[in-house]
Amino acid sequence: DVYVCRAGWYKDPGKRSNRLYLNQQDGTFKEVAEAWGVADTTRSTQGIFFDRDKDGDLDLFVINTPLQSGSKLFNDDIARLIQQRRSPSDRLYRNDGDRFTDITAQSGLWNMGYGLGVCVSDLDGNGIEDIYVANDYMERDFMYMGQPDGSYTEEVRQRTGHITNNGMGCDIADYNNDGLPDIVVLDMVSEDHVRSKMNMGAMSTEEFWRSVQFGYHFQYMFNTLQLNNGNGTFSEVGQLAGISKTDWSWAPLLADLDNDGWKDLLVTNGFKRDTRDNDYTIAAEKIAQERQKVSYLDMLSLIPSTRIRNYLFRNNGDLTFSDVSEEWGFTTAVNSNGAAYADLDGDGDLDLVINHMEATSLVYENRSERSGNHWLRVRPEGAGGPLAMGCKVRLNTASGIQSQELQPCRGFQSSMEPVLHFGLGQESHVEQLVLTWPDGLESVLNDIAADQVLTVARSSARPAEQRTPVVPLLVEDRPSAPAFRHEENGWNDFAIQVLIPHKRSEDGPLLCVADVNSDGHDDMYVGGARRQSGALFLGSASGKFIAAASRPWSEHADREDMGSQFFDADDDGDLDLLVMSGSNETNQYEHQFQPRLYLNDGQGRFTYRSDAFPILMTSAMRCAVGDVDGDGDDDIFIGGRILPGQYPRSPRSYLLMNDGTGRFLDVTVERAPHLAETGMVTDALFMDHDADGDLDLVTLGEWMPIALHRNDGGTFSPWSGTTGLEGSEGWWERMVASDLDKDGDLDLICGNLGWNSKFHGTAEHPLHVYFNDFDENGRPDVVLAKAQGDVLYPVRGRECSSQQCPNILEKFPNYTSFAHASVEQIYSPEKIASSIHLKAHHMRSSVAWNNGDGTFTLNDLPNIVQTSPMKGIVVFDVNGDGNQDLICAGNHWGAEVETIRYDAGTGRVLLGDGKGGFTPMTIQESGFFVWSNVRDLALVRNGLGNMPRLLV
């Protein structure tokens, strides 16, 4: 049967009422929408059928859009309209056999939004199908989770970190072959610099945060790819995957187009007119303000019209895609909307049908059968009908698993062939296929030959086998955690420097661990935010942490704690505490950045030593401690993190020598002059890299390389010769040294920004930052830049750039002229040449493998840990196989509002093989899930048997 959604600006509701055509099985159809109760007269976009109540017939969900414009709609009291059921809600209709009944309100689905895409899938694996609605304009997307009683709860804010701003079409499928459904939603952002700057919508900081506070969620103008974490939550990885920008897009379809066993991505895009063109918007507003009489056709002529090709992305099998549009035949610029796939010619691959605006719809024949890859097509008995719709198929081959759900409706206003198509690559048979029917029964088939259409009979269904649940290695023990909650004081870094990429006033809290009272149990210090004291917690035999009575640091609660370190500063046999102070807050007094030393009496009681350091006015983050001059006491390197309000200028770093009593002398100028302004240091450590008996220094930081500094009798100099770390400038966050490959030397695990961001600096195309007083107003400015082709363009657009340098508006009177201008044309070659200029070539978290000859080899860690900044790293043999494993975590929510916040990190355990390889554990296998704004990790041993515990 066929259900047709209709819309349009008709005053007569009957002209936009939906139609239901029942197939009469004689080549004709009968229209019965009114009689069957589904002649919806709202502006409907899409209907989707599924058996909501598992009663053997297909129910109907329809997404609708209001008649009002977006601006008018969201000035109304939406909550009141929804409560009074006066909004043009999406609708859920229950199939009663001979008609449908509207059960929207009682199902908890009454809403208001501009729905453009809808998909149905069991997102949390509880056997109940859920509904995802992609909404255009300001309204957030809806993720309706099905409940056992037949109702739904909207949980997109609880289950995702962020979503698209202007949701278009959507699709749900398992793109990374882990057996879990993932979600892709399209938006309208161009990858081309010129088009993006001409059509970029303004992202007001105030409006963004007001929307979040009103409950609209964190929404960004990018395509999103929500990776299923397996516990009902999703991590958005579209930028890592390489699919976040595809222009004004409509239909995303995840399907294996080359039969290699991985689902590829088709994206259709195009719009008749660039109605988001900023110059047109300004012209239209001027016409309205001046009340000019302009015809509708004349107004249309002001709007540019640009055709863009569609996109095809090949799945690389590592969470990423490659753009193969032209290679696979998508070379023509067209305006496309809907798309569908089916094996039209029966040759074992998926062909495409795409409709084009004001042009002929086209069929694209897939010729990938020439590759020789195998395939299997699964047709459940009654495919497309109520007994099969929603069934799940999971198949196992020697290459791994694949999974799909039978739901033809996906993409944008389109329905697929009701057959499940699997590419198998070089696998000539399937070891096992499990088909789960909508009622929970299973059909299991073994040893299936490839290259066939397999019909699975419903009669083969049996009760599902009980499967042994995975026992995780780690178990959360919240009751034993220290009773401490970090309370950030809140500071708007962007009010001081408009164009910095992220906040640097929220880098805490950081941890340090040691046994300070010699009772055999690890204790821990956690840093506080400004106006919040740090805290010391003592470990115990029970495994719980008890707040220490000694709290001298409470007198320094006006400081913002950063890194801290336990070490024996005064050589009395116990561990003292060094605490760094730092932040990007410009309203602090210089003395508030002074490092602090607290001396231990041996029993875990501390006193502040005011004369431990000379005046050191630097906003620091971490330090390195070690005996660098061989006199038997520990010395300190303090890495300057930031000059408040002057990002990215290098702050002051210090080399401090211990006089043997716990007093430290600044010897930077005499013994390490090159370290004084070495950059924005985020971490440092001492290690004897050249095996000459003294401790060398390793540093890294933001816009810095991983750098070695040679120690020669307590005097440091830049490492001479090749180290293998040249060109490693990145946005590094953390560093830990360990012998991972058991060859007797220390390797370096280095946490970086990751690859799930718009800042993809590489060796060939580095990310640039310039710092200078470009508009000569006495305040230095920041300019981020990235090359497209051979031209270096600013990352930010005309509107936000002019907030920093107002003269840009005079120099570039419209968005078009700014969009075509290079960095030098905007800011002048002279100013660019005289700027502080830094580059970032390497953004991925990596391991620097020590080759034992003074050099390193830098290798990236698996992509699953490139989804977010790596801020915490612990090295530990988690599974007891004798090889060191990595536990890592991190996020950073303090991005500026045009940059997607870094919230995809959930923490990850990487099992090492002792030879340089790492295998990521799933969240279910490891039990490690920390979906929060993680800053640090630490391993402690306390409780019965001093069991290892992980602090987050």
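Mapping of the sequence shown onto our numbering: position 619 corresponds to residue 620, and the numbering continues sequentially without gaps. Where a beta carbon is used, it is the ideal one built from N, C-alpha and C, also for glycine.
For residue j and residue i, the rounded distance between their alpha carbons
i, j, result
"Gly651", "Glu703", "Inspection of the sequence shows that residue 651 is occupied by Ser rather than by Gly. Looking at the two C-alpha atoms, the distance is approximately 10 Å."
"Ser519", "Leu255", "58 Å"
"Leu666", "Thr587", "27 Å"
"Pro473", "Tyr4", "46 Å"
"Ala462", "Gln867", "42 Å"
"Asp183", "Ser534", "42 Å"
"Val121", "Arg196", "34 Å"
"Glu291", "Thr282", "14 Å"
"Pro149", "Leu110", "15 Å"
"Ser758", "Ser620", "26 Å"
"Gln498", "Glu207", "16 Å"
"Val517", "Gly944", "16 Å"
"Leu124", "Leu709", "48 Å"
Assigned secondary structure, residue i (DSSP; H/G/I helix, E/B strand, else coil)
i, result
"Leu741", "coil"
"Glu32", "strand"
"Asn76", "Confidence at Asn76 is low in this model, with a pLDDT of 46, below 50, so the placement of that residue should be treated as unreliable; the coordinate-derived value is given next. Three-state result, Asn76: coil."
"Asn317", "coil"
"Tyr217", "coil"
"Asp577", "strand"
"Lys812", "helix"
"His194", "helix"
"Ala673", "coil"
"Pro182", "coil"
"Ile888", "strand"
"Arg158", "helix"
"Ser556", "At residue 556 the sequence reads Glu, which differs from the Ser that was named. Helix."
"Phe958", "With the chain represented from 2 up to 953, any question about residue 958 goes unanswered, as that position is not in the structure."
"Tyr11", "coil"
Residue interval of the beta strand (DSSP E) (run including residue i)
i, result
"Glu703", "697-705"
"Lys393", "393-398"
"Thr46", "44-51"
"Cys751", "748-752"
"Tyr599", "597-601"
"Tyr4", "3-5"
"Asp667", "665-667"
"Gly641", "636-643"
"Val435", "430-437"
"Asp562", "562-568"
Contact test: residue i Cβ vs the ligand FMN heavy atom, cutoff 7 Å
i, result
"Asn518", "Annotation note on the ligand FMN: not contained in the displayed structure, which lists no ligands."
Cβ neighbour criterion (16 or more within 10 Å) applied to residue i
i, result
"Asp147", "One point to set straight first is that residue 147 is Gly, not Asp, in the sequence displayed. It is buried - the Cβ of Gly147 has at least 16 other Cβ atoms within 10 Å."
"Lys73", "For Lys73, the pLDDT reaches just 45, beneath the cut-off of 50, and the residue's location in the model is therefore unreliable, leaving the point undetermined."
"Tyr221", "buried"
"Asn76", "With a pLDDT of 46 at Asn76, under the threshold of 50, the predicted position of this residue should be treated as unreliable, and no value is reported."
"Thr43", "buried"
"His503", "buried"
"Met948", "exposed"
"Val471", "exposed"
"Tyr115", "buried"
"Gln405", "buried"
"Lys246", "buried"
Beta-carbon gap between residue i and residue j smaller than 8 Å
i, j, result
"Cys392", "Thr437", "yes"
"Leu1", "Leu576", "This structure leaves residue 1 out entirely; the chain is present only between 2 and 953."
"Asp346", "Asn864", "no"
"Asp693", "Gly853", "no"
"Pro387", "Leu407", "no"
"Asp904", "Gly162", "yes"
"Trp249", "Asn279", "no"
"Met525", "Phe546", "yes"
"Val157", "Asp142", "yes"
Boundaries of the alpha helix (DSSP H) in which residue i is found, first to last residue
i, result
"Asn279", "279-290"
"Cys801", "799-805"
"Gly144", "With the sequence shown as reference, residue 144 is identified as Met, and Gly is not the correct amino acid for it. Segment 143-147 is the beta strand (DSSP E) holding Met144; no alpha helix (DSSP H) there."
"Gln925", "924-927"
"Ala343", "Ala343 -> not in any alpha helix (DSSP H); beta strand (DSSP E) instead, spanning 337-343."
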